[in-house]
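Novice: Please read through the structure below; I'll follow up with questions.
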């Protein structure tokens, strides 16, 4: 089965997370969690929290996803929407937070 454009972004993000030895998981809420939670939750070296919302190029996060990303940032975590063109930004962020 072919991967969706968003699925390809998730695959590329996971490759980067593995490259930088980040702890990560895909939260599965199954209707019991809060709406808008990022696609991938990570812990970087030093305990830095990172929420990643993956999107196909040209797609934007929903208002609920934006709300959750802002809450993460407001409480001292890192939050990022990643599209194919923003993968280099994620790699830079991971590099800076892996030392």
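In the working numbering, the protein residues as written are 501 to 599. We treat Cβ as the ideally placed atom computed from N, Cα and C, and that holds for glycine.
Confirm the yes/no value for this check: CB of residue 509, any heavy atom of the ligand MN, distance under 6 angstroms.
Specialist: The ligand content of the structure shown is nil, which means the ligand MN is not present either.
Novice: Using the Cβ count rule (16 or more neighbours within 10 Å means buried), how would you classify residue 538?
Specialist: Looking at its Cβ environment, which holds 16 or more other Cβ atoms inside 10 Å, residue 538 is buried.
Novice: Taking only three categories from DSSP, how would you classify residue 537?
Specialist: DSSP places residue 537 in coil when its eight states are reduced to three.
Novice: Just confirm the distance between the C-beta atoms of residue 541 and residue 561, as a whole number of angstroms; I'd bet it's less than 8 angstroms.
Specialist: Going by Cβ atoms, the distance from residue 541 to residue 561 rounds to 15 angstroms, so no, they are not a contact pair.
Novice: Alpha carbons only, please: which of 569, 554, 578, 581 is nearest the one belonging to residue 506?
Specialist: Out of 569, 554, 578, 581, 554 has the C-alpha closest to the C-alpha of residue 506.
Novice: Using the Cβ count rule (16 or more neighbours within 10 Å means buried), how would you classify residue 556?
Specialist: Label assigned to residue 556: exposed.
Novice: State the DSSP-derived secondary structure class of residue 548, mapped to helix, strand or coil.
Specialist: Reduced to three states, the DSSP call for residue 548 is strand.
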